[in-house]
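Before any comments, here is the structure.
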Amino acid sequence: MVSTQAKDAIIVVDVQNDFVDGSLGTDRGLEVARGINAWLGGLVHAEEEEAEAGDGSSAAARPLIVGTKDWHIKPEGHFAPEGEEPDYKDTWPVHCVADTHGAQVCAELNPELVDVWFHKGEYTAAYSGFEGHLAGEEQTLQQWLNSHEVENVTIVGIATDFCVRATAEDALEAGFGVTVIEDLCAAVSEDGATQALDALRASGAEVIAQPR
Numbered sequence: 004m005v006s007t008q009a010k011d012a013i014i015v016v017d018v019q020n021d022f023v024d025g026s027l028g029t030d031r032g033l034e035v036a037r038g039i040n041a042w043l044g045g046l047v048h049a050e051e052e053e054a055e056a057g058d059g060s061s062a063a064a065r066p067l068i069v070g071t072k073d074w075h076i077k078p079e080g081h082f083a084p085e086g087e088e089p090d091y092k093d094t095w096p097v098h099c100v101a102d103t104h105g106a107q108v109c110a111e112l113n114p115e116l117v118d119v120w121f122h123k124g125e126y127t128a129a130y131s132g133f134e135g136h137l138a139g140e141e142q143t144l145q146q147w148l149n150s151h152e153v154e155n156v157t158i159v160g161i162a163t164d165f166c167v168r169a170t171a172e173d174a175l176e177a178g179f180g181v182t183v184i185e186d187l188c189a190a191v192s193e194d195g196a197t198q199a200l201d202a203l204r205a206s207g208a209e210v211i212a213q214p215r
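Using the numbering used here, the first residue of the sequence shown is number 4, and each one after it goes up by one.
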């Protein structure tokens with residue numbers, strides 16, 4: 004159920020098999036997937052309990068929950084050419100090919116906890132969730148957030164130093180208040196994560212260790 008009252012949204016970035024333990028697996032990917040699942044599950048369960056109580060409580064609506072997926076069909080120049088080593092900066096091993104196991108949400112994260120999913124990167128490299136569109140439709144992530152009058156976003160997922168960073172940067176550019184939860188993000192490299200989080204702080208994002 005998508006709340007019509009929430010002014011906050013959670014963006015779950017690319018918690019997919021290939022980024023957890025597949026061709027681009029991250030050291031903390033599985034731990035992060037489980038942590039996000041527990042956090043989101045608690046939020047959704049609390050909302051369901053309030054609805055069942057039917058006590059007319061004026062408690063604030065839970066945040067909207069959106070997810071992004073790398074969904075590659077033929078992303079020009081994004082995959083390293085056959086027989087060549089990827090540079091892990093501009094070129095990468097084949098990953099998250101649309102409709103394959105690697106592109107599916109990690110089994111440790113219940114996809115039903117997410118209100119809507121956005122696909123990105125079908126035919127070009129796309130790091131930011133704001134380059135994505137609603138699955139099966141043309142509406143972009145920013146258009147969707149604006150249509151729901153979202154003012155603040157909290158970002159979690161994979162990878163801290165690439166897609167999480169890019170999503171947070173675009174959210175700041177679009178005028179959203181941005182919070183990144185460090186412990187619910189997994190990085191390609193720890194040095195990259197440190198640089199990314201420092202840059203986001205300097206740009207105006209709030210970085211916190213744990214969900215509030």
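Note that beta-carbon positions come from the ideal geometry of N, C-alpha and C, so glycine has one too.
Since the structure is predicted, the reported quantities are computational estimates derived from the model, not experimental observations.
Practice item. Can you say whether Asn113 is buried or exposed, counting buried as having 16 or more other CB atoms within 10 angstroms of its CB? Key: Classification of Asn113: exposed, given that the 10 Å Cβ count is below 16.
Practice item. Using the Cα positions of His136 and Gln142, report the straight-line distance between them to the nearest angstrom. Key: Those two C-alpha atoms are separated by around 5 angstroms.
Check your understanding: Which ranges does the alpha helix (DSSP H) cover as unbroken runs of at least 4 residues, wholly within the segment 118–152, from first to last along the chain?
Key -> DSSP runs (the alpha helix (DSSP H)) wholly in the segment 118–152: 144–150.
Point to revise | Beta-carbon spacing of Ile39, Leu148 below 8 angstroms | key: Against a cut-off of 8 angstroms, the Cβ pair of Leu148 and Ile39 comes out as no contact.
Practice item. Buried or exposed for Asp30, please, with buried defined as at least 16 other CB atoms from any protein chain shown within 10 angstroms of its CB. Key: Classification for Asp30: exposed.
Review point. Nearest to Val117 by CA position, among Ala129, Gly160 and Asp90, is which residue?
Key: Comparing Cα positions, the closest option is Gly160.
**Study point:** Strand pairing of Gly180, partner residues [DSSP]
**Key:** Asn155, per the DSSP bridge assignment.
**Study point:** Ile76: first and last residue of the uninterrupted alpha helix (DSSP H) it sits in
**Key:** Counting along the chain, Ile76 falls outside any alpha helix (DSSP H), and DSSP gives it neither H nor E.
Point to revise | Same chain only: Cβ atoms within 8 angstroms of Gly44, ignoring 5 sequence neighbours per side | key: In its chain, beyond the 5 residues on either side, Asn113 and Leu116 have a beta carbon closer than 8 angstroms to the beta carbon of Gly44.
Review point. Can you tell which of Gly57, Arg65 and Ala36 has the C-alpha that lies nearest to the C-alpha of Glu50?
Key: When only C-alpha atoms are compared, the closest one is Arg65.
Check your understanding: At which residues does the alpha helix (DSSP H) containing Val16 begin and terminate?
Key -> Element bounds for Val16: not the alpha helix (DSSP H) but the beta strand (DSSP E), Asp11 to Val16.
Practice item. Find the nearest neighbour of Gly25 within the set Gly139, Ala208 and Ala110, judged by alpha-carbon distance. Key: Measuring from the Cα of Gly25, the nearest candidate turns out to be Ala110.
Practice item. Could you check what DSSP says for Thr170 in three-state terms: helix, strand or coil? Key: Thr170: helix per DSSP, three-state reduction.
Check your understanding: Are the beta-carbon atoms of Val210 and Glu185 separated by less than 8 angstroms?
Key -> Less than 8 angstroms separates the beta-carbon of Val210 from that of Glu185.
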